[in-house]
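Quick notes on the structure that follows.
Residue numbers (the UniProt record's numbering), protein chains in the order written: chain A, 1 to 153; chain B, 1 to 153.
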């Protein structure tokens with residue numbers, strides 16, 4: 001059976017499900033706060049993202065059900081002769097919908113969107129504690145040419 | 001002798017020197033085009049960056065001389081409870097000014113700027129072909145917790 005997955009820019013009523021998905025994960029559960037009412041910081045971030053033409057919060061859905069999310073940021077850089085890049089972050093599929101190829105479709109959609117926006121690179125970082133995620137992205141053509149460094153403030 | 005380094009947002013007259021610095025490097029020489037007149041793509045990117053409140057192209061200078069550059073991008077994310085992050089890219093010091101601690105001051109300036117902007121993480125990726133750069137960032141407190149993946153379009 002072919003699964004029909006659709007994609008669209010997230011609406012505010014999707015935010016509860018988005019945060020639920022982000023928190024429903026070994027690493028996500030340590031850093032997200034999925035509670036009712038949803039912490040204000042998520043609502044503010046959602047509004048900032050949706051009012052910024054260089055940020056897109058994208059959901060995958062089937063019927064009425066949100067089954068995946070990713071955030072794509074488009075950045076104009078001076079490097080690479082002044083090229084635009086797309087950065088993908090916060091990729092998650094609903095736990096009830098995993099291993100059905102939804103993540104693959106989500107990232108492929110992101111790659112197409114980056115092409116439409118004239119980007120020359122799609123980039124992302126993945127936690128070294130997620131070896132399966134690394135293999136997943138490598139299968140999609142990404143190369144782990146860089147170290148991803150973080151400094152917490 | 002203490003070296004006094006100053007920092008400011010780049011102006012269009014700095015762009016020639018910025019591109020010269022970016023191109024003057026083993027990896028940069030393969031992907032940049034430093035020629036006169038400067039390719040239009042750099043000028044367009046410069047104008048897009050400077051008109052975007054979430055992007056800052058920063059130069060280090062001494063007197064009239066530009067001796068370093070970095071681009072800082074501020075991004076509102078849904079993850080981490082809707083936190084802002086700063087991403088540093090395109091860090092370079094002038095070859096005549098290397099090994100004088102200018103890179104360190106440049107990144108420290110970036111970290112302070114990220115703090116002022118309310119970011120909770122400063123992040124960057126560094127090419128695995130630059131082991132010295134990795135050590136440089138680790139000394140500044142960055143942790144290489146992530147793989148940095150790129151997909152060329």
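Every residue gets a Cβ at the ideal spot worked out from N, C-alpha and C, and that includes glycine. Computed from a prediction, not measured in an experiment: that's the story for all the values here.
(request) Just the C-alpha distance for residue 40 of chain B and residue 118 of chain A, rounded to the nearest angstrom, thanks. (result) 16 Å
(request) Tell whether a beta-carbon distance below 8 Å holds between residue 25 of chain B and residue 92 of chain B. (result) yes
(message) Just to confirm before moving on: does the CB-CB distance between residue 59 of chain B and residue 5 of chain B stay below 8 Å?
(response) no
(message) Using a 10 Å radius around the Cβ and a threshold of 16 neighbouring Cβ atoms, would you call residue 112 of chain B buried or exposed?
(response) exposed
(message) Using a 10 Å radius around the Cβ and a threshold of 16 neighbouring Cβ atoms, would you call residue 36 of chain B buried or exposed?
(response) exposed
(message) When you compare the CB of residue 76 of chain B with every CB in chain A, is at least one pair closer than 8 Å?
(response) yes
(message) Please give the ranges of any beta strand (DSSP E) in the region 46-87 of chain B, keeping only runs that are unbroken, at least 3 residues long and fully inside the region.
(response) 55-62 and 65-76
(request) Report yes if the C-beta distance between residue 140 of chain A and residue 104 of chain A is below 8 Å; otherwise report no. (result) yes
(request) Run down chain B in chain order and give the residues with a C-beta less than 7 Å from the C-beta of residue 147 of chain A. (result) 125, 126, 128, 134, 144 and 148
(request) Check whether the Cβ atoms of residue 77 of chain A and residue 68 of chain B sit closer than 8 Å, and answer yes or no. (result) no
(message) Could you compute how far the alpha carbon of residue 127 of chain B sits from the alpha carbon of residue 32 of chain B?
(response) 16 Å
(message) On the CB-based measure, 16 or more other CB atoms within 10 Å of its CB, does residue 8 of chain B come out buried or exposed?
(response) exposed
(request) Can you say whether residue 27 of chain B is buried or exposed, counting buried as having 16 or more other CB atoms within 10 angstroms of its CB? (result) exposed
(message) Considering just the uninterrupted stretch of the beta strand (DSSP E) at residue 122 of chain A, what are its terminal residues?
(response) 119-127
(request) Flag this pair as yes or no: are the beta carbons of residue 137 of chain B and residue 149 of chain B separated by less than 8 Å? (result) no
(message) When you compare the CB of residue 108 of chain A with every CB in chain B, is at least one pair closer than 8 Å?
(response) no
(request) Please check if any C-beta of chain A sits within less than 8 Å of the C-beta of residue 95 of chain B. (result) no
(message) Any beta carbon of chain B sitting closer than 8 Å to that of residue 155 of chain A?
(response) Not covered by the structure: residue 155 of chain A. The range shown for chain A is 1 to 153.
(message) Against residue 44 of chain B, what residues of chain A qualify as contacts under a CB-to-CB distance less than 9 Å, listed in chain order?
(response) 76 and 82
(request) Note down, in chain order, each residue of its chain lying with its Cβ closer than 7 Å to the Cβ of residue 20 of chain A, except the 5 sequence neighbours on either side. (result) 34
(request) Report the neighbours of residue 26 of chain A on chain B: residues whose CB is nearer than 7 Å to its CB, in chain order. (result) Chain B residues near residue 26 of chain A: none, gap ~14 Å exceeds 7 Å.
(request) Have a look at residue 151 of chain B and residue 110 of chain A and give me their C-alpha separation to the nearest angstrom. (result) 12 Å
(request) Within its chain, find whatever has a CB closer than 7 Å to the CB of residue 95 of chain A; leave out the 5 residues flanking it on each side and keep chain order. (result) 24
(request) Compare the Cα-Cα distances from residue 86 of chain A to each of B:22, B:75 and B:100 and report the closest residue. (result) B:75
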